[in-house]
Amino acid sequence: MVSIRAQLQLTRNCPKIKTVNFPGLADQYRADFPILSQEVNGHPLVYLDNAASTQRPTAVIEELARYYREDHANVHRGLHTLSNRATALYEKARAAVAHYLNAKKAESIVFLRVVPLKGSTWSLKVGGVGTCAAVI
Numbered sequence: 002m003v004s005i006r007a008q009l010q011l012t013r014n015c016p017k018i019k020t021v022n023f024p025g026l027a028d029q030y031r032a033d034f035p036i037l038s039q040e041v042n043g044h045p046l047v048y049l050d051n052a053a054s055t056q057r058p059t060a061v062i063e064e065l066a067r068y069y070r071e072d073h074a075n076v077h078r079g080l081h082t083l084s085n086r087a088t089a090l091y092e093k094a095r096a097a098v099a100h101y102l103n104a105k106k107a108e109s110i111v112f113l114r115v116v117p118l119k120g121s122t123w124s125l126k127v128g129g130v131g132t133c134a135a136v137i
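Numbering (our numbering), first residue to last: 2 to 137.
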């Protein structure tokens with residue numbers, strides 16, 4: 002097993018380079034993320050998450066593809082089969098998040114797609130006390 006090595010140069014003028022090793026930790030999960038199978042500049046890709054994007058594991062990519070192929074429709078806004086299936090999947094996800102967060106009820110979980118600043122303010126106004134917003 003190859004261990005991942007993250008190197009951080011503290012400042013441009015500082016000759017000291019701090020090396021942090023996480024033996025085996027990244028290797029446990031690397032295979033789950035297809036994007037990490039590539040090399041960049043001759044080294045295995047290391048992607049440190051940030052607020053702008055997140056890499057997806059194969060299971061998520063495959064489920065999203067399946068959803069878009071088979072179930073994609075408006076949630077809570079239709080009477081047809083696809084809308085009913087999409088709504089059921091949405092509610093199942095909300096119940097799973099509520100269980101994971103130990104929320105008293107699934108209805109307290111609100112999924113939001115936040116637009117920076119404007120969306121954050123809106124989510125605070127809409128959510129209220131006791132509401133958990135899962136930002137996607």
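Every residue gets a Cβ at the ideal spot worked out from N, C-alpha and C, and that includes glycine. Note that the structure is a prediction, hence the values are computed from the model and not measured.
{"Asked": "Please name the residue in 78, 27, 54 and 84 whose C-alpha comes closest to that of residue 68.", "Found": "84"}
{"Asked": "Return the CA-CA distance between residue 48 and residue 60, expressed in angstroms with no decimal places.", "Found": "18 Å"}
{"Asked": "In terms of alpha-carbon separation, which member of 111, 33 and 108 lies closest to residue 63?", "Found": "33"}
{"Asked": "Exposed or buried, what is residue 8 when buried is set at 16 or more other beta-carbons lying within 10 Å of its beta-carbon?", "Found": "Annotation note: pLDDT 33 at residue 8 (below 50); position unreliable, coordinate value reported separately. Answer is exposed; the Cβ neighbour count stays below 16."}
{"Asked": "Which residues share a DSSP beta bridge with residue 45?", "Found": "40"}
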